[in-house]
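Taking it in order: structure first as structure tokens, then the write-up.
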Amino acid sequence: MGTTTLIGTEGGREDPQLPNDNAPFASLRPRLGDHAVHIATRALPPVWRALGLPTAAGALRHYLRGTGRPYRLDARALLALPVVRTAVDAQLDRWRAEASALGPGSYPADSGWRGVSIHRRGSADLWLALRGVQYRLTGTVDVPAHGARPTVTYRFQAHKSWNFDRGESEYGIPFTPFARLHETGLAREFEAEGELDGLVDSG
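Here my numbering is used: the first residue of the sequence shown is 2, the next is one more, and so on.
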């Protein structure tokens, strides 16, 4: 029996976009130091690719090209990361518990957008490319009448709003010089997106 009761939304957001304090694109005049950072940064993508970091190389190259067009993420690779897989599995378990409490039936579910940090030890490639990502699960939880474990059919979406936050750093490397490339028009931030549909989890 189907139902219109939407489950799993608590704690999620409607919008994947996150605010930042960076200046708008090309709103600042570039300095000599900005041009030097731009030249040095252009040397990184081929080095990263040679080191087996293709996602990081591609994302940085896309940033430097300055088109601002969306960048396609490998959602399957993201979902395979233990930190992402753990977050997704926890959400699916919450859906099952919530649906089971409502009784037999088929329940639409939506996690809303949630954040997860990517660690260097999990994947140096995806850590360099993203460092964190927003994800959303939407789908259906089927609760059988005979008490078996509910089955979840779902879609996984991933989203990253921008690359470099002014004032932040990672491993002692400040992001402000890289953020200024966007602010001075020497590079351009972009949204990174990916999705996987038709996923089934029977527990």
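Beta carbons: idealized from backbone N, C-alpha and C, even for Gly.
Through-space distance from residue j to residue i, alpha-carbon basis
| i | j | result |
| --- | --- | --- |
| residue 167 | residue 176 | 6 angstroms |
| residue 62 | residue 138 | 29 angstroms |
| residue 32 | residue 38 | 10 angstroms |
| residue 153 | residue 85 | 17 angstroms |
| residue 82 | residue 123 | 7 angstroms |
| residue 203 | residue 70 | 37 angstroms |
| residue 60 | residue 163 | 11 angstroms |
| residue 171 | residue 10 | 32 angstroms |
Own chain, CB closer than 6 angstroms to residue i, minus 5 neighbours either side, in chain order
| i | result |
| --- | --- |
| residue 58 | 46, 49 and 50 |
| residue 160 | 17, 135 and 194 |
| residue 165 | 176, 179 and 180 |
Beta-carbon proximity check, residue i vs residue j, cutoff 8 angstroms
| i | j | result |
| --- | --- | --- |
| residue 142 | residue 117 | no |
| residue 88 | residue 196 | no |
| residue 128 | residue 110 | no |
| residue 140 | residue 14 | no |
| residue 93 | residue 156 | no |
| residue 108 | residue 100 | yes |
Spatial neighbours of residue i in its chain, beta-carbon cut-off 8 angstroms, leaving aside the 5 residues before and after
| i | result |
| --- | --- |
| residue 68 | 189 and 191 |
| residue 115 | 12, 13, 14, 88, 92, 135, 136 and 137 |
DSSP-derived helix/strand/coil call for residue i
| i | result |
| --- | --- |
| residue 184 | helix |
| residue 87 | helix |
| residue 18 | coil |
| residue 109 | strand |
| residue 24 | coil |
Chain-order list of residues whose beta-carbon lies under 7 angstroms from that of residue i (same chain, five-residue window excluded)
| i | result |
| --- | --- |
| residue 121 | 128 |
| residue 119 | 82, 84, 127, 128, 131, 132, 133 and 134 |
**Asked** Are the region 173 to 193 and the region 145 to 152 in contact at 8 angstroms, needing three or more beta carbon pairs?
**Response** no
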